[in-house]
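Line by line, the protein sequences are chains H and U. Position one of the first sequence corresponds to residue 242 (the numbering used here), numbered consecutively onward. Position one of the second sequence corresponds to residue 6 (the numbering used here), numbered consecutively onward. Every residue gets a Cβ at the ideal spot worked out from N, C-alpha and C, and that includes glycine. Reading through the structure tokens given below for one structure.
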Amino acid sequence: DAGVIQSPRHEVTEMGQEVTLRCKPISGHDYLFWYRQTMMRGLELLIYFNNNVPIDDSGMPEDRFSAKMPNASFSTLKIQPSEPRDSAVYFCASSPSRGWSNQPQHFGDGTRLSIL
Amino acid sequence: GESVGLHLPTLSVQEGDNSIINCAYSNSASDYFIWYKQESGKGPQFIIDIRSNMDKRQGQRVTVLLNKTVKHLSLQIAATQPGDSAVYFCAEIPRGNQGGKLIFGQGTELSVKP
């Protein structure tokens, strides 16, 4: 299994530009999660999807952030316009669901985003 | 990967010794717990999990202990190796939490001295 695949691995862009982060979950997983990791705040859940439907977006910082999941094998996290305080490592994770039983989330290697 | 706080707890052990990493979780209603390992430049990697109906679970060189009375979780690593150096996170999922929304702990940095 290829695992969760994220692209790009690194992104450096200027303030005000649109940024799009991409994620391919593990095949067969029907939950997808977007996280942000910073020195100050640790790992924060931004949004998660079940069967391509957003379930909880309460962690999305503000309207500049949006996420979509057009199909089971692809999701995007978009920031428009970007600001320096958005600089962080963004992780995507996926997990299967098996009835009542929780399953661990599997993470990609993240996108390191720097907004200048 | 990113350190997860300016003042991450750190644990330094000698290669070959056993390591014990502790975690106090927040929600007495949590019924599923996971330990993750995060190496520099990588995402958190699943190590082992445990459900609330258990108090111990063993994997390869790792053991997780759960004490629900004091809401404490620990990860024991036997014969610690340099490759075990990383930040370790515990995570919990409260009972009834749809979709397994994880609540992560602060993280502990493990440093293994050769």
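Considering only the beta carbon of each residue, do Gly269 of chain H and Leu287 of chain H sit closer than 9 Å?
Locating residue 269 of chain H in the first sequence gives position 28, counting from the first residue. Locating residue 287 of chain H in the first sequence gives position 46, counting from the first residue. No, these two residues do not count as a Cβ contact at 9 Å.
Since Tyr30 of chain U sits in a beta bridge, which residues does DSSP pair it with?
Here residue 30 of chain U refers to the residue found at position 25 when the second sequence is read from its first residue. DSSP lists no beta-bridge partner residue for Tyr30 of chain U.
Helix, strand or coil, according to DSSP, for Pro322 of chain H in the structure here?
Along the first sequence, one-based indexing puts residue 322 of chain H at 81. Pro322 of chain H sits in coil when the DSSP states are folded into three classes, being neither helix nor strand.
Going along chain H, which residues have a C-beta under 9 Å from Ile25 of chain U?
Residue numbering aside, residue 25 of chain U sits at position 20 when the second sequence is read from its first letter. Near Ile25 of chain U there are no residues of chain H at all, since even the closest Cβ is about 21 Å away, more than 9 Å.
Sequence-distant residues of its chain with Cβ nearer than 8 Å to Val18 of chain U (five each side left out):
Here the question's residue 18 of chain U lines up with position 13 in the second sequence. Cβ contact annotation for Val18 of chain U (same chain, cutoff 8 Å, sequence separation greater than five): Ser24, Thr85, Leu115, Ser116, Val117 and Lys118, in chain order.
So which residues of chain U does Phe348 of chain H contact, with C-beta pairs closer than 9 Å?
Your numbering for residue 348 of chain H matches position 107 in the first sequence. Residues of chain U passing the Cβ test: Tyr41, Gln43, Lys47, Gly48, Pro49, Gln50 and Phe51.
Which partner residues does Asn293 of chain H have in the DSSP bridge list?
Taking the first residue of the first sequence as 1, we reach residue 293 of chain H at position 52. Answer is none; Asn293 of chain H lacks a bridge partner.
With a cut-off of 9 Å, does the C-beta of Phe274 of chain H fall near any C-beta of chain U?
Here residue 274 of chain H refers to the residue found at position 33 of the first sequence. Closer than 9 Å to some Cβ of chain U, the Cβ of Phe274 of chain H qualifies, so yes.
Using a Cβ-Cβ distance under 9 Å, would Gln111 of chain U count as near chain H?
As a first step, residue 111 of chain U is located in the second sequence; it is residue number 106 there, counting from the start. For Gln111 of chain U, the nearest beta carbon of chain H is closer than 9 Å to its own beta carbon.
Just to confirm the assignment, what range does the beta strand (DSSP E) spanning Pro358 of chain H have?
Since the first and last residues shown for chain H are 242 and 357, residue 358 of chain H lies out of range.
Who are the Cβ neighbours of Gly10 of chain U in its own chain at under 8 Å, not counting the five residues just before and after it?
Position 5 of the second sequence, counting from 1, holds the residue named residue 10 of chain U. Residue placement at Gly10 of chain U is poorly supported in this model, since its pLDDT is 40, which falls under 50; the coordinates are not used for a value here.
What is the residue span of the beta strand (DSSP E) that Glu97 of chain U lies within?
Indexing the second sequence from 1 puts residue 97 of chain U at position 92. Residues Ala91 to Pro99.
Please list the terminal residues of the continuous beta strand (DSSP E) segment that includes Arg353 of chain H.
Taking the first residue of the first sequence as position 1, residue 353 of chain H is located at position 112. Segment Thr352 to Ile356, the beta strand (DSSP E) holding Arg353 of chain H.
contact_flag[the stretch 318 to 337 of chain H, the stretch 246 to 263 of chain H] where n(CB pairs < 8 Å) is 3 or more
The stretch 318 to 337 of chain H is in contact with the stretch 246 to 263 of chain H.
Since Lys106 of chain U meets chain H, which of its residues come closer than 9 Å, beta carbon to beta carbon?
As a position in the second sequence, residue 106 of chain U is number 101, starting the count at 1. Per Cβ cutoff of 9 Å: Phe274, Leu286, Tyr289, Ile296 and Asp297.
Run through DSSP, which three-state label would Pro311 of chain H get?
Residue mapping note: residue 311 of chain H aligns to position 70 of the first sequence, counting from 1. Strand, per DSSP.
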